[in-house]
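Have a look at the structure below before the remarks.
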Amino acid sequence: MFDLAAVRLLPELPDHAPIIGAITDEAFGPGRFVRAAERVREMAPHDQALSFVAEHDGAIIGSVRLTPIAVGRAPSLMLGPLAVRPDYKNRGVGKALMRIAAEAARAAGERSIILVGDPPYYAPLGYSPLPRGSVIMPGPVDLSRLLGLPLAEGALAELVGRVGPRRD
Ligand SMILES: CC(C)(COP(=O)(O)OP(=O)(O)OC[C@H]1O[C@@H](n2cnc3c(N)ncnc32)[C@H](O)[C@@H]1OP(=O)(O)O)[C@@H](O)C(=O)NCCC(=O)NCCS
Numbered sequence: 000m001f002d003l004a005a006v007r008l009l010p011e012l013p014d015h016a017p018i019i020g021a022i023t024d025e026a027f028g029p030g031r032f033v034r035a036a037e038r039v040r041e042m043a044p045h046d047q048a049l050s051f052v053a054e055h056d057g058a059i060i061g062s063v064r065l066t067p068i069a070v071g072r073a074p075s076l077m078l079g080p081l082a083v084r085p086d087y088k089n090r091g092v093g094k095a096l097m098r099i100a101a102e103a104a105r106a107a108g109e110r111s112i113i114l115v116g117d118p119p120y121y122a123p124l125g126y127s128p129l130p131r132g133s134v135i136m137p138g139p140v141d142l143s144r145l146l147g148l149p150l151a152e153g154a155l156a157e158l159v160g161r162v163g164p165r166r167d
């Protein structure tokens, strides 16, 4: 019997890379490499200190990554991929990963997180659609799926311009 309390959320380590790759392939299939969000993730490495895996019974069953980016000149984070192995879906693992990643980002002084995803899943976690045309992704994206979470007051209003790597 699965018990969410038995799931450990752990910071990502270099050794996790192969299993995270396998979980992501399983969740998204080969089409994932053409997604605009993937273009962003190719611009800069994700921040392992802000990326997490879910472990159950010694096995990694889900993961989430945050990548430092800039929107115009404003620093932000791009979330993704978020994936949970099929046998463990709908048990709260995805939302637990989302919450710990946001908490870690806030504690690190980050100001916002953006992502491309289904609004009904992310709205209860505080994400809302970004104003249309404000954030320019490096590829086609359904603008109703471009969402943001403020970690500091007024932080979403700063997000105007092209998504690119940070220059700091
Ligand atoms: C999306 C995903 C990460 C969710 O993880 P999870 O551990 O199954 O999610 P949780 O258990 O935290 O949340 C489940 C709830 O979200 C809902 N939900 C799941 N996917 C949803 C979606 N795309 N849109 C709206 N609601 C969704 C479920 O119906 C469930 O609702 P309930 O709590 O009312 O029963 C997982 O299904 C997955 O890996 N999917 C394939 C990859 C993917 O789509 N990643 C997200 C990219 S946008």
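In numbering that gives the first Met the number 0, the protein residues as written are 0 to 167.
All C-beta atoms in this analysis are idealised placements derived from N, C-alpha and C, irrespective of residue type, glycine included.
Computed from a prediction, not measured in an experiment: that's the story for all the values here.
When the alpha-carbon of Leu65 is set against those of Phe1, Ser111 and Ala35, the nearest one is in Ser111.
Three or more Cβ pairs drawn from the segment 157–165 and the segment 67–77 lie within less than 8 Å of each other, which places the two stretches in contact. Bridge partners of Arg161 according to DSSP: Ile135. For Ile22 and Lys88, the gap between their C-alpha atoms comes out near 12 Å. Shown here for Val83: same chain residues with a beta carbon closer than 6 Å to its own, the five before and five after excluded, namely Gly61, Val92 and Gly93 in chain order. Shown here for Pro80: same chain residues with a beta carbon closer than 6 Å to its own, the five before and five after excluded, namely Thr23 in chain order. Pairing Phe51 with Leu3 gives a Cβ-Cβ distance that is not under 7 Å. Nearest to Asp117 by alpha-carbon distance, out of Gly108, Glu109 and Ser127, is Ser127.
Residue list for ligand 1: Ala26, Leu81, Ala82, Val83, Lys88, Asn89, Gly91, Val92, Gly93, Lys94, Gly116, Asp117, Pro119 and Tyr120 (CB closer than 5 Å to any heavy atom, chain order).
Going by C-alpha positions, Pro44 is about 24 Å away from Arg7. Listed in chain order, the non-local C-beta contacts of Phe1 below 8 Å within the same chain comprise His55, Tyr87 and Arg90, local neighbours out to five positions each way being set aside.
DSSP places Glu54 in the strand class (E or B) of the three-state scheme. Around Arg165, the same chain offers Ala43, Pro67, Ile68, Ala69 and Pro74 as residues with beta carbons nearer than 8 Å, after the five sequence neighbours per side are excluded. Across the structure, Gly30 and Pro139 are spaced so that their CA atoms are roughly 14 Å apart. By the CB criterion at 7 Å, Ile113 and Met136 fall outside the cutoff. Listed in chain order, the non-local C-beta contacts of Arg131 below 7 Å within the same chain comprise Leu142, local neighbours out to five positions each way being set aside.
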